[in-house]
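Residue numbers (my numbering): 3 to 509.
#1: When the Cα of residue 51 is compared with those of 59, 45, 76 and 473, which residue comes out closest?
#2: Taking 9 Å as the threshold (C-beta atoms), are residue 41 and residue 164 in contact?
#3: Kindly list the residues whose CB is nearer than 6 Å to the CB of residue 452, restricted to its own chain and excluding five residues on each side of it in sequence; keep chain order.
#4: Relative to the alpha-carbon of residue 185, which residue among 167, 433, 280 and 44 has its alpha-carbon at the smallest distance?
#5: Going by DSSP, what residue range makes up the alpha helix (DSSP H) through residue 169?
#6: Taking the CB atoms as reference points, tell me whether residue 280 and residue 226 lie closer together than 9 Å.
#7: Could you tell me the distance, in whole angstroms, from the CA atom of residue 228 to the CA atom of residue 245?
#8: How would you write the range of the alpha helix (DSSP H) that residue 2 sits in, first residue to last?
#9: I'd like the span of the beta strand (DSSP E) that includes residue 265, first residue to last.
#10: Which residue spans inside the stretch 85-136 form an unbroken beta strand (DSSP E) run of at least 3?
#11: Could you check what DSSP says for residue 32 in three-state terms: helix, strand or coil?
#12: So residue 66 is in the beta strand (DSSP E); what residue range does that whole segment cover?
#13: With distances taken Cα to Cα, identify the nearest neighbour of residue 305 among 74, 243, 91 and 61.
#14: Looking only at its own chain, which residues have a Cβ that is under 8 Å from the Cβ of residue 222, when we skip the five neighbours before and after it?
#15: Buried or exposed: where does residue 145 fall if 16 or more other Cβ atoms within 10 Å of its Cβ makes it buried?
#16: Considering only DSSP beta bridges, list what residue 388 is partnered with.
#17: With distances taken Cα to Cα, identify the nearest neighbour of residue 147 among 175, 409, 49 and 217.
#18: Quick one: any contact between the stretch 355-374 and the stretch 456-466, if contact means 3 or more CB pairs under 8 Å?
#19: Under 8 Å: do the stretch 95-102 and the stretch 65-72 share three or more Cβ pairs, one atom per stretch?
#20: Are the stretch 351-367 and the stretch 325-337 touching, with three or more C-beta to C-beta distances below 8 Å?
#21: Which same chain residues end up closer than 6 Å to residue 298 when comparing Cβ atoms and leaving out the 5 residues on each side of it in sequence?
#22: Please name the residue in 128, 175, 142 and 167 whose C-alpha comes closest to that of residue 152.
#23: Can you check which of these residues, 177, 193, 389 and 212, is closest to residue 377 by C-alpha distance?
#24: Of the residues 119, 143, 475 and 98, which one's Cα is nearest the Cα of residue 125?
#25: Excluding the 5 residues preceding and the 5 following residue 167 in the sequence, name in chain order all residues of the same chain whose CB lies nearer than 7 Å to its CB.
#26: Could you say which of 398, 143 and 31 lies nearest to residue 54 if we only look at CA atoms?
#27: How about residue 425 and residue 408: are their beta carbons less than 9 Å apart?
#28: Please classify residue 275: is it buried, with 16 or more other beta-carbons within 10 angstroms of its beta-carbon, or exposed?
#29: Looking at residue 277 and residue 182, is the spacing between their C-beta atoms short of 9 Å?
#30: Can you give, in chain order, each stretch of the beta strand (DSSP E) that sits fully within the stretch 432-498 and has at least 3 residues?
#31: Compute the beta-carbon to beta-carbon distance between residue 248 and residue 232, rounded to the nearest angstrom, for a pair I have assumed lies under 8 Å.
#32: Could you name the residues of the same chain whose beta carbon sits closer than 6 Å to that of residue 437, not counting the 5 residues immediately before and after it, in chain order?
#33: Out of 57, 230 and 234, which has the shortest C-alpha to C-alpha gap to residue 266?
#34: If you draw a straight line from the alpha carbon of residue 23 to that of residue 315, how long is it in whole angstroms?
#35: Grab me the residues of residue 108's own chain with a C-beta within less than 7 Å of its C-beta, minus the 5 sequence neighbours each way, in chain order.
#36: Classify residue 158 as buried or exposed, calling it buried when 16 or more other Cβ atoms lie within 10 Å of its own Cβ.
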């Protein structure tokens, strides 16, 4: 259950949003039809994840030795906000500044891949692009390396950006200002953004960072977290009443109409223009990584404000979205489909063939031109090699379908002592991976008939296959699709794991 509480001077009203309620189902459908255009203004960053393993301590100093394996570039800061908005399938552009460097060019490429317009991103020769590199081993950050220039943009850059904003503002319905204090949103430029937007009748909502509330004067809504709320108001924020008092003080200091305070495990609070306070909490989830959760929440707050949703609905959606984000590792986005999963209105990942084909028909109708990726396997003992392979496969298109051999099929292919795990267990484990959209079982020795029914746009297998040996390549190639392979992790296979267990057992 998801609850929102409206507190006025004399009463407390509890509003409940049911997981399977008609209200939330209709709301998600409404949001999927959103035709608003969003402009994100703020500090764009490149988040770099350097994946590797740590297995020993250096003989040179008491520090771990990190054995590098792979690099992943993702969008951070305001660029991540824009990516989250784009994941809602609405029009969005980013107004930002980068350096004229490789990191800046990588941001532009990643934004384009996400469907974010980049014609308002300005590359400046006298700046470097903010880059945060994280060393990661076994899903845990070891350290972070920052390379950035946090000085304010110069007058030439500011004037050019202001001119670009003035020329483009009428094309957008709402402005999301993401301030990371990395130099773009100086006091001067922040004021100009708000002034231009207000002059054209556009609301500005701000994810704040500055200690100076006056910097955001004239904005419609501010979103501080608990720590930011404390230092912007110089007030305690440990208790419920203290948070409410600080929110009211911040609204007064900034001259804004509303304030949303994000309070981590305590949810969110929304102070409306009439003084009403709303609260939202969602069910507890296993927290894997909080990086980017604020960006996700801010994006959904923007969507709710743009769609004129009720305050309690705005923060319930934002809270739900951020609770999904923290279950994912690294900077990432949350889609409306994932919210459907959470609120119980979206079909299960594990599908029969008939159910899958029904979902595909709806998907293709809703997203003409979207690319469907298909792969298959036994996945008897799910391991790191599988996970990395499937994650890379999902990046090739807009939906990933995984075909799984039935138990009978595995026995015919692998022998009577296989599978180790029942087909229901194997499919359930795959369904837990957030980069897989649907899992479907097939009874034959090969997925040829399944591929023929699904008609994927992209067919992928491991790097140990030749294209001409991939089952179904003729079906996909005949429709002009792509058949490709992905490099596997060396030494990782179910057979190797079984052999290692057997060897250890017999020692």
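Beta carbons: idealized from backbone N, C-alpha and C, even for Gly.
Quick look at the numbers:
#1: 76
#2: no
#3: Excluding positions up to five away in sequence, the list reads 405 and 444.
#4: 44
#5: 157-170
#6: no
#7: 8 Å
#8: With the chain covering only 3 through 509, there is no way to say anything about residue 2.
#9: Looking at the DSSP string, residue 265 is not in any beta strand (DSSP E), and its letter there is neither H nor E.
#10: 93-101 and 123-126
#11: helix
#12: In this chain, the beta strand (DSSP E) harbouring residue 66 covers 66-79.
#13: Considering only alpha carbons, the answer is 91.
#14: Only 205, 206, 207, 258, 259, 260 and 307 meet the Cβ criterion.
#15: With fewer than 16 other Cβ atoms within 10 Å, it is exposed.
#16: Per DSSP, none; premise fails for residue 388.
#17: 49
#18: yes
#19: no
#20: no
#21: 86, 323, 324, 327 and 336
#22: From the listed residues 128, 175, 142 and 167, the smallest Cα separation to residue 152 is found for 128.
#23: Out of 177, 193, 389 and 212, the CA that lies nearest to the CA of residue 377 is found in 389.
#24: Checked all of 119, 143, 475 and 98; the closest Cα to residue 125 is 98.
#25: Around residue 167: 97, 195 and 198.
#26: 143
#27: yes
#28: exposed
#29: With respect to the 9 Å criterion, residue 182 and residue 277 are not classified as neighbours on the basis of their beta carbons.
#30: 440-444, 460-464 and 484-488
#31: 7 Å
#32: 393 and 396
#33: 230
#34: Summary for residue 23: the model assigns pLDDT 43, below 50, so the residue's position carries little reliability; its value from the coordinates is reported in the next sentence. Their Cα atoms are separated by approximately 13 Å.
#35: 48 and 75
#36: exposed
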